[in-house]
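Its first residue numbered 975, the sequence shown is counted upward by one per residue in the numbering used here.
Glycine included, every Cβ here is placed at the ideal spot set by N, Cα and C.
Since the model is a prediction, treat every value here as computed from it, not as a measurement.
This report concerns only the one structure given below.
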Amino acid sequence: MGNTLKRNPLLLVTLWLMAVVLSTMALVATAGTAKAASVTPTVVPGNPTCKDLLAPEPAFEIKVDPPTSGTYGPITVTFSPDGKLVDFTSTVPVLGVFVKGGTAGGNFYDYRPGGSPGDTGLEVPTQQEISHVSFCWNEEPTPPDEALTVTKTAEATH
């Protein structure tokens, strides 16, 4: 086979291209199914919020209900097209996330002690559609550049 490859560089290029194509196909096939939550969730019955689960620690909480992708304060949330997974990024360290869906409770993702700037592939324990998500953190968020500012422009006299 070694002599065949030396005598036929086209065969060598063809084999190399096939290897590249097959490895690319394998990456694409696994990328759509990969789940990557960076911490192992705890299944929690009922319908608490992350603030309930972390009490008395977190000072701030945002509940995303209904599950709509977007930016909510310091948290940017992206729901998968099928509504079964959620990713987030944050400008403050998130201490905990509670992901709820179905009647079996939800998954609690605990990022203490340091918090997390984001995670991917968060889901409910039964892999159903997500009904809502709550995020908790302690740091005061920095207002966005387009935040409303107030200035005094009137002088009172009597």
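Do you know whose CA, among the options, lies nearest residue i's CA?
| i | options | result |
| --- | --- | --- |
| D1039 | G1057, L1028, G1095 | G1057 |
| V1018 | T1100, F1062, Y1046 | T1100 |
| V1068 | L1096, S1054, E1035 | E1035 |
| G1076 | A1011, H1132, L1028, N1021 | N1021 |
| V1013 | S1090, E1129, A1130, P1055 | S1090 |
| P1048 | K1037, H1132, P1030, P1115 | P1115 |
Short check: CB of residue i to CB of residue j, under 9 Å?
| i | j | result |
| --- | --- | --- |
| F940 | C1024 | Any question about residue 940 goes unanswered here, given that the chain covers just 975 to 1132. |
| V1098 | A1078 | yes |
| V1051 | N1112 | no |
| G1095 | S1064 | no |
| L1028 | G1070 | yes |
Return the bridge partner residues of residue i from the DSSP annotation.
| i | result |
| --- | --- |
| T1045 | T1050 |
Between residue i and residue j, how many whole angstroms is the CB-CB distance? I'm expecting something under 8 Å.
| i | j | result |
| --- | --- | --- |
| Y1083 | A1011 | 6 Å |
| P1032 | N1081 | Not a contact, Cβ separation roughly 17 Å. |
The stretch 1033-1050 / the stretch 1100-1109 touching (three or more Cβ pairs under 8 Å): yes
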